[in-house]
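Step one of this worksheet: look at the structure below.
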Amino acid sequence: AQKITQTQPGMFVQEKEAVTLDCTYDTSDQSYGLFWYKQPSSGEMIFLIYQGSYDEQNATEGRYSLNFQKARKSANLVISASQLGDSAMYFCAMREFRGGADGLTFGKGTHLIIQP
Amino acid sequence: KAGVTQTPRYLIKTRGQQVTLSCSPISGHRSVSWYQQTPGQGLQFLFEYFSETQRNKGNFPGRFSGRQFSNSRSEMNVSTLELGDSALYLCASSWGRDTGELFFGEGSRLTVL
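Residue numbers (my numbering), protein chains in the order written: chain R, 492 to 607; chain A, 88 to 200.
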C-alpha cells in the first residue's frame, strides 16, 4: 500500500484563489512528520511547511497552511491567494521517526498551474 | 546563509562508466540524505549520513554508495552505470536526524547514454 497518496495529478486554479492540495498518509507509527515541498521546473525542492504528529495546532508559514486531520490521516496543503509563481509540482512527504526510518517517503505529486 | 550546494548540476555519462556527485550541506547541518527522482519511480530515498556514518539505506543495488566527510560534505557514487540510472539526484541536509526542517539542493541531473 502506498504510504503517501496525492489524488490530484494536476490542477488549474485562477490567480488569487485559494488552493487545497490533498494528501493522505498511511503509518502505524505514533511519531512521524509530514512535509510539503514545491518543485519548480528548475528541479530544486523547496521546503514549504512541516507538521509533526504530536503538534496540536496546524502549521502555518505565510500563505501556506497545513490542514492536519490526524484521525483521517490527512495533511492537505492550503495556499491562500495563489500567485502565478506558485505554478509548480507539489509533493507531500512523510518521515516515520522510528529507529531505522528510511528517509522521506514522497507522494507522486500534484502539478499546479495558476492561470491569470 | 548559503543553501545546499550540489555539483555538478548536469552531466552525461555512458553505460558502464562511474560517476561521483557532491553535496555541501547548509553550514551547521550534520545530516545529509540523498534521493533519486525519475519520471517512472518518482522520488526514492537512497541513503542518509549523520556524523560520517551511514544511518539508513534505501532499496538500491550495491552500485550506489556514498560517504560523508568530517566537514559534513557528502559524495555519492554510482558504478557501472545503466541507462535506468538517468535521473535527478537530490541531496538534502538538516541539523539533526529527526527534525522537521529538511532542505534540498538543486540536484544533479545525470544522463546515461
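We put the beta carbon where it would ideally sit given N, CA and C, even for glycine.
So within the region 94-129 of chain A, which uninterrupted beta strand (DSSP E) runs reach at least 3 residues, ignoring any that extend past its ends?
DSSP runs (the beta strand (DSSP E)) wholly in the region 94-129 of chain A: 97-100, 106-111 and 118-125.
Using 8 Å as the threshold, is the C-beta distance between R:A509 and R:S565 below it?
Using a Cβ distance threshold of 8 Å, R:A509 and R:S565 do not count as a contacting pair.
From the DSSP output, in three-state form, read off A:L200 for me.
DSSP places A:L200 in the coil class of the three-state scheme, outside both helix and strand.
If distances are taken between C-alpha atoms only, which option among R:W527, R:R563 and R:Q560 comes closest to R:A579?
Looking at the Cα atoms, R:W527 is the closest of the given residues.
Note down the Cα distance separating A:Y122 from A:Y176, rounded to an integer number of angstroms.
Each residue's Cα considered, the two are about 6 Å apart.
I need the boundaries of the beta strand (DSSP E) containing R:T601, first residue and last residue.
It spans T601 to Q606 - the beta strand (DSSP E) in which R:T601 sits, taken as one unbroken run.
Give the interface partners of R:L595 over in chain A, defined as CB-CB distance under 9 Å, in chain order.
Neighbours of R:L595 on chain A, chain order: S120, Y122, L130, F132, A179 and L189.
In or out: A:S157 buried (at least 16 other Cβ within 10 Å) or exposed?
Classification for A:S157: exposed.
Of the listed residues A:F191, A:G145 and A:L200, nearest to A:V119 (C-alpha basis)
Selected option, being the one with the closest Cα: A:F191.
What number of angstroms, rounded off, separates the C-alpha of R:Q574 from the C-alpha of A:E193?
Those two C-alpha atoms are separated by around 22 Å.
If contact means a Cβ-Cβ distance below 7 Å, which residues of the region 533-551 of chain R contact chain A?
Residues S533, G534, E535, M536, F538, Y541 and G543.
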